[in-house]
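Numbering (our numbering), first residue to last: 16 to 130.
A virtual CB, placed ideally from N, CA and C, is assigned to each residue, including glycine.
Comments concern the structure below.
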């Protein structure tokens, strides 16, 4: 079974992804590629493309709702790690539901993760 996120990508095209600048400080142990970020303020960066009225992360590859994935998945920032798809861990996710609804996609269900 294919993971539901690989046919979604809605969260990557709905939220501003803001995080502490040290996550992109490769000399200090950060893993987020700095070229995919933009400065928000003295302490925070955002993933490029997410700090606008109609966000779409520059790292999102593919089309929302069809085939989508993160081009820097292994190096994504903490907000992306923290957003758990609805029902992946057996619990609902209002953030996931909100992002999917904004793109006309139905919410995930527990059956979305049935093997």
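C-alpha gap between residue i and residue j, whole angstroms
i	j	result
residue 42	residue 91	17 Å
residue 67	residue 16	34 Å
residue 56	residue 117	27 Å
residue 112	residue 76	21 Å
residue 94	residue 33	7 Å
residue 38	residue 70	20 Å
residue 79	residue 23	5 Å
residue 122	residue 53	31 Å
residue 99	residue 51	22 Å
Proximity to residue i [Cα-Cα], best of the options
i	options	result
residue 45	55, 111, 60, 75	60
residue 35	49, 25, 29	49
residue 86	126, 104, 73	73
residue 30	115, 89, 83, 120	115
residue 18	102, 108, 65, 110	102
Any non-hydrogen atom of the ligand HEM within 6 Å of residue i CB
i	result
residue 60	Here there are no bound small molecules, and the ligand HEM is not part of this structure.
Which of helix, strand or coil DSSP assigns to residue i
i	result
residue 57	coil
residue 28	helix
residue 172	Missing from the structure shown is residue 172; the chain here goes from 16 to 130 and no further.
residue 62	strand
residue 41	helix
residue 23	coil
Within the stretch 92–118, ranges of the alpha helix (DSSP H) (whole runs, at least 4 residues): Correct list: 93–97, 109–117.
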